[in-house]
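Notes follow once the structure below has been shown.
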Amino acid sequence: MVRVLIALACSLAALSAGAQQARPRAEDAALEERVLAIAGELRCLVCQNETIADSRADLAVDLRNQVRDQLRAGKSERDIRDYMVQRYGDFVLYKPPVKPITWLLWIGPFVLLAAMAAWLWRTLRRRKALASAAPLSEAEQQRARILLGQGPK
Amino acid sequence: MKRYFVPLVVFVLMAGFLAVGLKLNPREVPSPLINKTAPVFDLPQLHDPGLRVTAEQMKGQVWVLNVFASWCTPCLAEHPYVTQLARQPGVKVIGLNYKDRAEDAKGWLRKHGDPYAAIAVDADGRVGIDYGVYGVPETFVIDKHGVVRHKQIGPITPQALKDDILPMLAKLNG
């Protein structure tokens, strides 16, 4: 009975030790995921076609650490984005904010699409009007039949 | 004649945009700090770590913050012009030694000359981040009220000195 108890105590101790080691790691993984999610929306200014999450530039590493520290300090994602914009401008955001200076950027493609659609519609309508405008006369139809090899009616 | 008009206008517009686009430098990201209060900092001095360099100390005078490092090659290229700038009356040039080792920085300054009124040590680059530094060298012109008025991205060239920095200093001191 004593042996069983000792064995039980040992395995419990081992379990709790394992749990203590595992917990911070799990927390880190969750934190790291959040860091990468935020960093994935921020542009690295050294290598401008990469996000801070992807880049291996020194500054990107520093900024990732900055994001991690601020998350640990309990800052929200919005706070962190604001922090970056304050220092590096809107350019740091991969998804630019909607404001007067970016209106053209956001609605431009739709305006262009609407303009092209309107132009297409107008052209098609005009073409249809052209096609049905002048019906062939009897003589012309006769000539068309001859040309098509069907002979006069 | 009329049917060629629309494509011509579209072509000219596109060519115009592309021509302007060619001349822009995508590396020059306009700083959101312009006309904003310069971020505060309180850092040890390079030559005497017991002393501090702060943004607060500079209130009441026009000053220039030059971000440099011994590992940065373009910093060497701009060094003569930083020196020239530091000799101007009515301006203090403060160095921000960015992510450098103190020994390396001191050696570099011994070799190439030390034009700075004071040098702040930003070993971990935190103040650099506050100033939105993304490439060394960068240079900020700050007025008597502590407001950033101009940012030079990349090395100071003779042209930048003549066209932008010196006129800005004259304006701020005038």
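Going down the list, the protein sequences come from chains G and V. So the first sequence is numbered by our numbering: it starts at 4 and just counts up by one. So the second sequence is numbered by our numbering: it starts at 1241 and just counts up by one. The beta carbon of each residue, even a glycine, is placed where N, CA and C say it ideally should be.
Any C-beta of chain G under 8 Å from that of K1411/V: Judged by the 8 Å Cβ criterion, K1411/V is not in contact with chain G.
Sub-8 Å separation of G1386/V and I1359/V beta-carbons: Taking C-beta atoms as the reference points, G1386/V and I1359/V fail to come closer than 8 Å.
Chain-order list of residues whose beta-carbon lies under 8 Å from that of K1384/V (same chain, five-residue window excluded): Within the same chain, and ignoring the five residues on either side of K1384/V in sequence, the residues whose Cβ sits closer than 8 Å to its Cβ are K1299, G1300, Q1301, V1302, L1412.
The segment 1351 to 1369 of chain V contacting the segment 1279 to 1290 of chain V, beta-carbon criterion three pairs below 8 Å: yes
Secondary structure of V1376/V, DSSP reduced to three states: coil
C-alpha distance - Y1244/V paired with E143/G, whole-angstrom precision: 34 Å
N- and C-terminal bounds of the beta strand (DSSP E) containing T1294/V: Annotation for T1294/V: the continuous beta strand (DSSP E) segment containing it runs 1292 to 1294.
Same chain, Cβ closer than 6 Å to G1368/V, five either side skipped, listed in chain order: Y1338, D1362
Proximity winner among A63/G, P112/G, R146/G, S79/G, relative to G43/G (alpha-carbon distances): A63/G
Meets three-Cβ-pair contact criterion under 8 Å: the segment 1309 to 1329 of chain V and the segment 1344 to 1355 of chain V: Result yes; three or more Cβ-Cβ pairs closer than 8 Å.
Positions along the segment 1249 to 1271 of chain V whose CB lies within less than 9 Å of some CB in chain G: P1266, R1267, V1269, P1270, S1271
Nearest-angstrom Cα separation, counted from L1305/V out to P1279/V: 11 Å
Chain V contact for A25/G (CB, 8 Å cutoff): Low per-residue confidence applies at A25/G: pLDDT is 44, beneath 50, and the placement is therefore not dependable, though the value from the model is reported in the following sentence. For A25/G, the answer is no, since every Cβ of chain V falls outside 8 Å of its Cβ.
Those residues which DSSP pairs with K1391/V across a bridge: F1380/V
Q145/G burial status per 10 Å Cβ neighbour count (16 or more: buried): exposed
Span of the beta strand (DSSP E) around G1335/V: 1332 to 1338
Interface partners of D65/G on chain V, CB under 9 Å: For D65/G, the neighbours in chain V by C-beta distance under 9 Å run, in chain order, K1339, D1364, G1365, R1366, G1368, I1369.
C-beta contact flag for P1272/V and Q69/G at 8 Å: no
Helix, strand or coil at F1308/V [DSSP, three-state]: strand
Cα-Cα separation between Y1320/V and D65/G, rounded to whole angstroms: Looking at the sequence shown, residue 1320/V is not Tyr but Pro. Cα to Cα, P1320/V sits roughly 30 Å from D65/G.
Residue burial classification, L151/G (beta-carbon count within 10 angstroms, cutoff 16): exposed
Partner residues on chain G for G1375/V, Cβ-Cβ distance less than 7 Å: V49
Within chain G, the residues that G1372/V reaches when beta carbons sit closer than 7 Å: R90, Y91
Three-state secondary structure (DSSP) of R129/G: helix
D82/G: first and last residue of the uninterrupted alpha helix (DSSP H) it sits in: It spans 80 to 91 - the alpha helix (DSSP H) in which D82/G sits, taken as one unbroken run.
Environment of L45/G [buried if 16+ CB atoms lie within 10 Å]: buried
Cβ of Q145/G within 8 Å of any chain V Cβ: no
Continuous beta strand (DSSP E) stretch holding P1284/V: start and end: 1282 to 1284
heavy atom of the ligand PLP below 7 Å from V88/G C-beta: Looking at this structure, you won't find the ligand PLP or any other ligand, since it has none at all.
Expected contact under 8 Å - CB spacing of Y1371/V and V49/G to nearest Å: Not quite, the Cβ-Cβ distance comes to about 15 Å (not below 8 Å), so this is no contact.
Alpha-carbon spacing of I149/G relative to E141/G, whole angstroms: 13 Å
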